[in-house]
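Q:
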Amino acid sequence: MSLDTNKTSSERRPDWAALVIAAVLAIVAVVIFVDVSRLTATTGYSPVGPASVPYWIAFGLIGLAIWTVFAAFRRDFPERERQEVSPVLWIVGGLLAQMILIRFAGFSIATGIMFGCAARGFGARRLHISIPVGIIICLAIWWLFAGVLQLSLPAGPLENLLQ
Amino acid sequence: MSTFEFLLQGLVSAAEPMNLFYALIGVTLGTMVGVLPGIGPATTVALLLPVTYQLDATGSLIMFAGIYYGGMYGGSTTSILLNTPGESASIVTALEGNKMARAGRGGPALATAAIGSFVAGLIATLALAFIAPYIVKLALVFGPREYFALMVLAFVTVSSAFGNSTLRGLTSLFIGLALSLVGIDQLTGQNRLSFGVPDLLDGIEVTTMAVAMFAIGETLFIAAQGAQAPDKIEAIKGSVWMTGQDWARSWKAWLRGTVIGFPIGAMPAGGAEIGTFLSYATEKKLSKHPEEFGNGAIEGVAGPEAANNASAAGTLVPLLTLGLPTSATAAIMLAGFQQYGLQPGPLLFATNPQLVWGLIASLLIANLMLLVLNLPLVGLWVKLLTIPKPWLYAGILVFATLGTIGANPSVFELGMLLVFGLVAYVMRVFDYPIAPVIVGLILGPLAEQQLRRALSISQGDVTVLFTSPIAAVLLLLAATALILPLVLRLRGRGDVLNQMAASED
């Protein structure tokens with residue numbers, strides 16, 4: 001984090017990940033510019049219309065992108081710790097499965113599968129245990145929240161058995 | 001009616017059996033979720049907000065107050081017994097509290113935290129009740145430009161005054177501001193950045209965003225650290241009761257913590273952690289046993305915990321009187337109000353006094369309920385911490401998605417949850433703060449409205465923003481809060497600010 005180490009280090013390679021962040025910020029700014037440009041014509045005589053503030057925010061983002069580029073070349077970003085990829089993939093996969101299944105499989109099955117995958121990401125390897133456990137927990141949650149607190153959680157085959 | 005009568009009326013309404021029941025559920029759920037490692041009050045409130053959707057406004061706000069205070073109590077339990085502070089404001093509690101727990105004095109540490117939180121919460125909530133009417137009067141002279149200046153100040157303090165880097169704080173803020181543009185423009189009805197997707201016309205849901213950013217991002221981040229040595233939970237040995245000496249050493253610390261914490265929370269300075277650090281430093285200086293600091297000094301738990309709770313009640317002052325959230329938790333609470341079409345601010349005190357005073361009264365009741373519940377039930381909360389990690393985090397994800405599904409059971413909303421969860425994960429890896437995103441998202445549209453109003457009145461003349469004395473002073477403060485940390489860091493004095501880094505609330 002400290003500036004001194006950067007100045008003394010002979011290493012002059014830019015921080016590529018930080019450059020990617022700068023690019024993303026710039027892209028977001030461009031998206032705002034493009035989307036809002038169609039509004040300007042309709043602003044009429046009012047000096048500040050719906051497009052003004054988005055423009056300023058987009059300019060701000062451009063400025064921050066430039067600042068980030070400088071920080072990247074000065075290697076001003078903190079050291080990143082090593083990230084394990086596979087647990088992240090398990091959790092993301094579980095959330096994706098839940099998203100796809102929730103419509104027709106209902107809350108308990110979809111969320112139970114997500115529960116199993118997430119537990120797998122944290123090191124519980126036996127999916128044949130964790131998924132059923134997850135489904136049972138979710139069924140209990142469904143009963144509590146949809147039944148008692150009247151939250152609208154999508155019902156599927158299992159929930160229909162309970163009703 | 002006078003403040004006192006309003007408060008009394010609020011207490012009567014909050015003491016109805018059904019409302020007490022809601023408060024009880026809120027307090028229990030809040031503590032239960034707040035105790036989970038890595039989950040602070042902001043996340044707790046965001047996770048549990050949807051649970052309150054089906055109740056009427058009064059009932060849900062009462063449950064909400066319970067969740068809020070419960071979440072804070074839960075956080076301090078975790079930091080004492082597990083040494084993994086769920087929120088930045090509990091870091092100091094973990095310093096001394098965990099040492100005490102290791103020395104077999106976990107019981108008194110929890111007790112002084114609980115009673116200190118109660119005392120501070122009580123005094124601070126009463127202070128809130130008595131100060132609020134005056135600030136409401138002051139707020140009535142505020143025009144759009146003063147409001148805009150106030151919001152700019154809040155933006156700066158939340159994003160860049162404290163923390164590791166002005167660049168990353170501002171970037172987070174601008175990400176939030178950019179996301180806040182999505183949806184229909186409130187003044188002209190034109191849609192911006194919705195790309196023809198009907199789900200985006202209403203804008204990005206603050207609760208979805210908060211859950212994605214805090215709960216899902218944090219879970220992904222912890223998972224990505226891989227298998228680590230399990231955290232050791234300190235068993236509570238011996239009595240949970242405090243000895244006479246503990247009481248003698250604690251009570252002054254509670255009061256000092258309250259006095260330090262409340263004003264800091266009430267100013268648009270963002271976050272409770274500053275108060276906890278100041279309180280810790282004060283206690284260390286004034287203590288007759290300075291050698292105990294670092295090895296489990298009870299004042300080091302009592303003072304900061306009181307400061308933490310007092311400043312949490314303090315953040316309600318700008319939230320309720322000005323509609324200005326100065327922390328992530330307050331931003332989510334504002335979202336909760338908006339759920340019922342209520343806009344906190346001076347007008348709410350005039351149009352809906354029962355509701356405001358009912359909320360303040362239920363904060364008092366929730367506070368009392370926590371004291372009664374927390375000490376006897378602490379064993380139960382500790383058991384929650386012994387759940388194996390895979391089940392614990394999988395359960396957190398179940399709760400995280402439950403809220404979103406309950407609020408809006410659409411595939412699109414779940415997709416947003418996942419996408420922003422991944423964004424938050426990447427931000428965490430690169431050490432970007434999360435709270436400014438949430439504050440930018442909710443405060444962005446409000447600031448834009450005030451700015452555009454001010455500029456339409458002046459017919460586009462920007463200088464009008466600086467010509468009102470109040471607005472000019474506020475903007476000057478904001479500029480100082482932006483530039484001073486940059487100068488300090490350039491001179492290599494950044495360490496002090498790093499220590500005050502606000503990571504969550």
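Here the protein sequences line up with chains V and E, keeping their order.
Heads up: the first sequence begins at 1 in UniProt numbering, then just goes up one per residue.
Heads up: the second sequence begins at 1 in UniProt numbering, then just goes up one per residue.
Cβ coordinates follow ideal geometry from the N, Cα and C atoms, glycine included.
1) What did DSSP end up calling Gly341/E once you bin it into helix, strand or coil?
2) Please report how far the alpha carbon of Ser52/V lies from the alpha carbon of Phe337/E, in whole angstroms.
3) What did DSSP end up calling Arg489/E once you bin it into helix, strand or coil?
4) Taking the CB atoms as reference points, tell me whether Ala15/E and Gly358/E lie closer together than 8 Å.
5) Report buried or exposed for Glu218/E, applying the criterion of at least 16 other Cβ atoms within 10 angstroms of its Cβ.
6) When you compare only the Cα positions, how much space is there between Met18/E and Asn408/E?
7) At the level of alpha carbons, what is the spacing between Phe195/E and Thr44/E?
8) Between the segment 61-74 of chain E and the segment 358-370 of chain E, are three or more C-beta pairs nearer than 8 Å?
9) Starting from the beta carbon of Val197/E, find every residue of chain V whose beta carbon is closer than 8 Å, and list them in chain order.
10) Around the Cβ of Val141/E, are there at least 16 other Cβ atoms within 10 angstroms (buried) or fewer (exposed)?
11) Contact criterion: CB-CB distance below 8 Å. Does Phe33/V meet it with respect to chain E?
12) Could you tell me whether the Cβ of Glu448/E comes closer than 8 Å to any Cβ of chain V?
13) Which whole-angstrom value is the C-beta distance of Val36/V and Arg452/E, which I expect to be below 8 Å?
14) Using a Cβ-Cβ cut-off of less than 9 Å, give me the residues of the segment 111-124 of chain V that come near chain E, in sequence order.
15) If you draw a straight line from the C-alpha of Ala502/E to the C-alpha of Pro433/E, how long is it?
16) Given Ala400/E, which residues of its chain have a CB within under 7 Å of its CB, disregarding the five upstream and five downstream residues?
17) So what's Arg103/V in DSSP terms, helix, strand or just coil?
18) Please classify Asn309/E: does DSSP put it in a helix, a strand, or coil?
19) Check whether the segment 135-155 of chain V and the segment 104-115 of chain V touch, using three or more Cβ-Cβ pairs below 8 Å as the test.
20) Determine the extent of the alpha helix (DSSP H) in which Ile62/V is found, giving its start and end residues.
21) Going by the CB atoms, is the gap between Ile442/E and Ala42/E shorter than 8 Å?
22) Within its chain, find whatever has a CB closer than 6 Å to the CB of Pro50/V; leave out the 5 residues flanking it on each side and keep chain order.
23) Just the Cα atoms here: how many angstroms apart are Leu348/E and Val136/E?
24) Can you pull the chain E residues whose beta carbon is under 7 Å from the beta carbon of Trp67/V, in chain order?
25) On the criterion of 16 or more Cβ atoms from any shown chain inside 10 Å, does Ala248/E qualify as buried, or is it exposed?
26) Quick one: what's Arg192/E bridged to in DSSP?
27) Evaluate the contact criterion for the segment 90-105 of chain E versus the segment 52-65 of chain E: three or more CB pairs, one atom per stretch, below 8 Å.
28) Which value, in whole angstroms, describes the spacing of the CA atoms of Leu3/V and Trp67/V?
29) Which residues, in chain order, does the segment 423-436 of chain E contribute to contact with chain V at a C-beta distance below 8 Å?
30) With a CB to CB cut of under 6 Å and the five nearest residues on each side skipped, what residues in its chain are close to Leu151/V?
31) Since Ala26/V meets chain E, which of its residues come closer than 9 Å, beta carbon to beta carbon?
32) Identify the contact partners of Trp247/E in chain V, using a Cβ-Cβ distance below 7 Å as the criterion.
33) Once DSSP output is grouped into helix, strand and coil, what is the label at Asn367/E?
A: For this structure:
1) As a first step, residue 341/E is located in the second sequence; it is residue number 341 there, counting from the start. In this structure, Gly341/E counts as coil in the three-state DSSP scheme.
2) Walking along the first sequence from the start, residue 52/V turns up at place 52. Walking along the second sequence from the start, residue 337/E turns up at place 337. If I take the Cα positions, the gap works out to 28 Å.
3) Translated into the one-based positions of the second sequence, residue 489/E becomes position 489. Of the three classes helix, strand and coil, the one that applies to Arg489/E here is helix, per DSSP.
4) In the second sequence, counting from the first residue as 1, residue 15/E sits at position 15. In the second sequence, counting from the first residue as 1, residue 358/E sits at position 358. Taking 8 Å as the Cβ cut-off, Ala15/E and Gly358/E do not qualify as a contacting pair.
5) Numbered from its first residue, the second sequence carries residue 218/E at position 218. It is buried - the Cβ of Glu218/E has at least 16 other Cβ atoms within 10 Å.
6) Along the second sequence, one-based indexing puts residue 18/E at 18. Along the second sequence, one-based indexing puts residue 408/E at 408. Cα to Cα, Met18/E sits roughly 27 Å from Asn408/E.
7) As a working mapping, residue 195/E is identified with position 195 in the second sequence. As a working mapping, residue 44/E is identified with position 44 in the second sequence. A direct Cα-to-Cα measurement between Phe195/E and Thr44/E gives close to 32 Å.
8) Contact between the segment 61-74 of chain E and the segment 358-370 of chain E is present, because at least three Cβ pairs lie under 8 Å.
9) The residue labelled residue 197/E in the question sits at position 197 within the second sequence. Within chain V, no C-beta atom comes nearer than 8 Å to that of Val197/E; the closest sits roughly 12 Å away.
10) Taking the second sequence and counting its residues from 1, one reaches residue 141/E at position 141. Val141/E is exposed by the Cβ-count criterion.
11) Along the first sequence, read from residue 1 onward, the residue named residue 33/V stands at position 33. Not one chain E Cβ lies under 8 Å of Phe33/V.
12) Taking the first residue of the second sequence as 1, we reach residue 448/E at position 448. Judged by the 8 Å Cβ criterion, Glu448/E is in contact with chain V.
13) Here residue 36/V refers to the residue found at position 36 when the first sequence is read from its first residue. Here residue 452/E refers to the residue found at position 452 when the second sequence is read from its first residue. About 14 Å; that fails the 8 Å criterion.
14) Result list: Thr111, Gly112, Met114, Phe115, Gly116, Cys117, Ala118, Ala119, Arg120, Gly121, Phe122, Gly123 and Ala124.
15) As a first step, residue 502/E is located in the second sequence; it is residue number 502 there, counting from the start. As a first step, residue 433/E is located in the second sequence; it is residue number 433 there, counting from the start. In this prediction, Ala502/E scores a pLDDT of 41, lower than 50, which makes its location untrustworthy; the coordinate-derived value is nonetheless stated afterwards. Using only the alpha carbons, I get a separation of about 8 Å.
16) The residue labelled residue 400/E in the question sits at position 400 within the second sequence. Residues Leu47, Val211, Ala215 and Ile216 of the same chain have their beta carbon placed closer than 7 Å to that of Ala400/E, with the five preceding and five following residues left out of the count.
17) Here residue 103/V corresponds to residue number 103 of the first sequence, with the count starting at 1. For Arg103/V, the three-state secondary structure derived from DSSP is helix.
18) Taking the first residue of the second sequence as 1, we reach residue 309/E at position 309. Correct three-state label for Asn309/E: helix.
19) Enough Cβ pairs lie closer than 8 Å, so yes.
20) Stepping through the first sequence from its first residue, residue 62/V is reached at position 62. Its alpha helix (DSSP H) spans residues Ser52 to Phe73.
21) Your numbering for residue 42/E matches position 42 in the second sequence. Your numbering for residue 442/E matches position 442 in the second sequence. Not closer than 8 Å, so no.
22) Along the first sequence, read from residue 1 onward, the residue named residue 50/V stands at position 50. The residues are Leu39.
23) Taking the second sequence and counting its residues from 1, one reaches residue 348/E at position 348. Taking the second sequence and counting its residues from 1, one reaches residue 136/E at position 136. Looking at the backbone, the Cα of Leu348/E and that of Val136/E are separated by about 10 Å.
24) Stepping through the first sequence from its first residue, residue 67/V is reached at position 67. Those within 7 Å of Trp67/V in chain E are Leu167.
25) As a working note, residue 248/E is residue 248 in the second sequence. So Ala248/E counts as exposed.
26) The residue labelled residue 192/E in the question sits at position 192 within the second sequence. Note: Arg192/E sits in a beta bridge opposite Gly183/E.
27) Because the criterion of three Cβ pairs below 8 Å is not met, the segment 90-105 of chain E and the segment 52-65 of chain E do not touch.
28) Numbered from 1 along the first sequence, position 3 holds the residue referred to as residue 3/V. Numbered from 1 along the first sequence, position 67 holds the residue referred to as residue 67/V. Note that Leu3/V scores a pLDDT of 41, beneath 50, so its modelled location is shaky and nothing firm can be said.
29) Against chain V - using a Cβ distance shorter than 8 Å - the residues of the segment 423-436 of chain E are Tyr425, Val429, Phe430 and Asp431.
30) Translated into the one-based positions of the first sequence, residue 151/V becomes position 151. Phe145.
31) Position 26 of the first sequence, counted from the start, is the residue given in the question as residue 26/V. Within 9 Å Cβ-Cβ: nothing; Ala26/V doesn't reach chain E, min ~12 Å.
32) Indexing the second sequence from 1 puts residue 247/E at position 247. Result: empty, since nearest Cβ-Cβ is about 40 Å, beyond 7 Å.
33) In the second sequence, residue 367/E corresponds to position 367, counting from 1. Here Asn367/E sits in helix by DSSP.
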